[in-house]
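Engineer: Each residue of the sequence shown is one higher than the one before, counting from 34 in this note's numbering. Mind having a look at this structure? Questions to follow.
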Amino acid sequence: MISSNNRSARVGLGDAIIMGLSSSGPSQTLAVTLAGLVAVSGYSGVVPILICFVPMIGIAIAYQRLNRWDQSSGATYTWVAKVFHPYLGFLSGWMILLYYTLGTTTLTIPAGIYTIDLLAPSLIENHWAIFIVGAAWNLLITALAIMGLKIVARFEWAIVLFEYAVILIVAAIALIGLAHGTAAAQFSWTWFSWSGMGGMKGLMGGILIACFMYSGWDAAIYVNEETIDRVNNPGKAALASVMMLALIYSVATFAFQSVLSPDELHAHAGNALSAVSGRLLRKPWDSLMALVVLTGTLASLQSAVVSASRVGLAMSRDHVMPGFFQLIRAESSSPWAATLAMSGINLLLLALALSTTSISAALTNAASSLGLVSIVFYGITAAAALWQQHARMTSSLADVILGGLLPLIGVLFSIAVLIASLVTGAVNLTVILYGLGSITIGAMVAIYLHRFKGVRFFNSLDAARSSAAR
């Protein structure tokens, strides 16, 4: 356990909620998904967001209950390995690491774009400039993360309050424009019709992006070993984060999507909110949203680095990740080596993403891939909660609903989205290769560690086979 005897280094319930909110932070998420959401689902983007809320709250309940059972920074990785099988547990941990390392790319690119937009707009199409600025922010965030979770929490409190306040104020201005008919698109109830959202393909494409928008609320769980009342507070923080995100995403998406035409949104795919504020606010206030997205992106990048390092630490304790991930900074209980490693991977992925000819395509493919990956590990977690608690699930009506029905909805939703997104063509070949291809690589790594390295974590497979043979 991290910081088990160092109470001064631990964070409270409010800090854990802030971790979840900042990890899913709406400003940078909307900045990279708004154009894609309108492209696939038209102006009905609120529909997939609201549809996703019910299974997401069910999955959050699954996390809450599993965290009460076992408080490990590995979370899904640890739980699934214990409930189902070490191989599936490893793959779950692999997917979470993939999510947070690839996810930081979708954060670092906007950080570079919005910094340049504020300081040197003429360089905003220069990929090398974006890389250099994004990499500099990444290194600064990594340094703060190494200093300790308390410092991270203080940093994120200020940013999240500022971020949410500005988004809601600008959204209110956009809604006034929509009501008075001054927006680029005029409101119509056909937005929410089947054809308006692009049929099944449009709905599933929107749901996949919405899954990415919600994802990250589980960051509160990965710091459970460093949280006061680690049995209860991380789960409460996860539930609060999902509910707050549903509200902010619904309001902001509905308000911002009609400010610009779809073509204008596509042209500003990496800085959509800056373009929106430029249309709604007078100078110099039109630069405010760029500042909000930049600071919100930094907070989310911070949460991603923190979460990945904690999961990496838990996997290292089972010898399925490099042993140096367990190196801890005594003053802050921070796994500094794992933090540095995750930061380095982010820089590599950032360079690869910016090597593409289109930032818009890179961000859209990454968002959809991460939505696909998150749906898989969220569904597996909900299934683990169902199985782990099935014996006492009928003890009360509350257990039937909270421990059974809602997590079951999360499981079924995850399966349905995964199948439908593939069948309807809502995801392209690049997204499939990024998502499912990376999971396949994880399976190959697991086989190598078990068969050729003899890692004991996988020994329960051999024990099960021996029992079956007897």
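The beta carbon of each residue, even a glycine, is placed where N, CA and C say it ideally should be. Quick caveat, the model's predicted, so the values are computed rather than measured.
1. Considering Asp296, what are the terminal residues of the alpha helix (DSSP H) in which it resides?
2. Val65 lies in the alpha helix (DSSP H); which residues open and close that run?
3. Starting from Arg362, follow its DSSP beta bridges and name the residues at the other end.
4. Is the beta carbon of Leu140 less than 8 Å from the beta carbon of Val256?
5. Taking all protein chains shown into account, decide if Ile240 is buried (16 or more other Cβ within 10 angstroms of its Cβ) or exposed.
6. Quick check on Asp296: buried or exposed, where buried means 16 or more other Cβ atoms within 10 Å of its Cβ?
7. Terminal residues of the continuous alpha helix (DSSP H) containing His160?
8. Quick one: Cα of Val203 to Cα of Ser307, how far?
9. For Ala216, which residues in the same chain have their Cβ closer than 8 Å to its Cβ, ignoring the five residues on either side in sequence?
10. With a threshold of 16 other CB atoms inside 10 Å of the CB of Pro119, please say whether the residue is buried or exposed.
11. On the three-state DSSP scale, how would you describe Thr137?
12. Relative to the alpha-carbon of Thr414, which residue among Met52, Thr109 and Gly437 has its alpha-carbon at the smallest distance?
13. Reducing DSSP to helix, strand and coil, say where Thr260 ends up.
14. Shortest alpha-carbon distance to Gly468 belongs to which of Asp251, Gly136, Phe220 and Ala347?
15. Below 7 Å CB to CB, which residues in the same chain sit around Ile149 once its five sequence neighbours on both sides are set aside?
16. On a CA-only basis, which of Ala279, Ser228, Arg312 and Gly404 is nearest Pro59? Give me that one, please.
17. What number of angstroms, rounded off, separates the C-alpha of Asn492 from the C-alpha of Ser228?
18. Classify Ala496 as helix, strand or coil using the three-state DSSP reduction.
19. Check Ser36 in the structure and name its three-state DSSP category.
20. Quick one: using the 10 Å Cβ neighbour count with 16 as the cut-off for buried, is Ile474 buried or exposed?
21. Considering only residues of the same chain and omitting the five flanking positions on each side of Ser471, which have a CB-CB separation below 6 Å?
22. Please say whether Tyr76 and Ala218 have beta carbons closer to each other than 8 Å?
23. Taking C-alpha atoms, which residue in Gly412, Gly268 and Ala323 lies nearest to Phe195?
24. Whole angstroms are fine: how far does the CA of Met348 sit from the CA of Ala501?
25. For Ala253, which residues from the same chain have a beta carbon less than 7 Å from its beta carbon, with the 5 sequence-adjacent residues on both sides left out?
26. Which residues does DSSP list as the beta-bridge partners of Val44?
27. Please tell me whether Ser56 and Trp250 are closer than 8 Å, where the distance is taken between their beta carbons.
28. Within a Cβ cutoff of 6 Å, which residues of the same chain sit near Arg489, ignoring the five residues on either side of it in sequence?
29. DSSP on His118, reduced to helix/strand/coil?
30. Below 8 Å between beta carbons: does that hold for Ser367 and Ile179?
31. May I ask which residues mark the beginning and end of the alpha helix (DSSP H) holding Gly235?
Structural biologist: Well, looking at it:
1. Pro295 to Ala300
2. Pro59 to Ser74
3. Ser367.
4. no
5. buried
6. The residue in question, Asp296, is exposed, as its Cβ has fewer than 16 Cβ neighbours within 10 Å.
7. His160 -> alpha helix (DSSP H) spans His160 to Met180.
8. 11 Å
9. Ala207, Gly210, Ser291 and Val292
10. buried
11. helix
12. Looking at Met52, Thr109 and Gly437, the one whose alpha-carbon comes closest to that of Thr414 is Thr109.
13. strand
14. Checking every option, the nearest Cα to that of Gly468 belongs to Gly136.
15. Leu156, Ile157, Ala162, Ile163 and Val166
16. Closest option to Pro59, Cα to Cα, is Ala279.
17. 52 Å
18. Confidence is the limiting factor: at Ala496 the pLDDT is only 44, short of 50, which leaves the residue's position unreliable, though a coordinate-based value still follows. Helix at Ala496.
19. Low confidence applies to Ser36: its pLDDT is 48, below 50, so where it sits in the model is not reliable enough to give any reading.
20. exposed
21. Leu131
22. yes
23. Ala323
24. In this prediction, Ala501 has a pLDDT of 36, which is less than 50 and means its spatial position is unreliable; what the coordinates show is noted afterwards. Approximately 28 Å between the Cα atoms of the pair.
25. Ala49, Ile50, Met52, Gly53, Pro267, Ala270, Ala271 and Ser274
26. Thr260
27. Cβ atoms of Ser56 and Trp250: closer than 8 Å.
28. none
29. coil
30. yes
31. Gly232 to Tyr247
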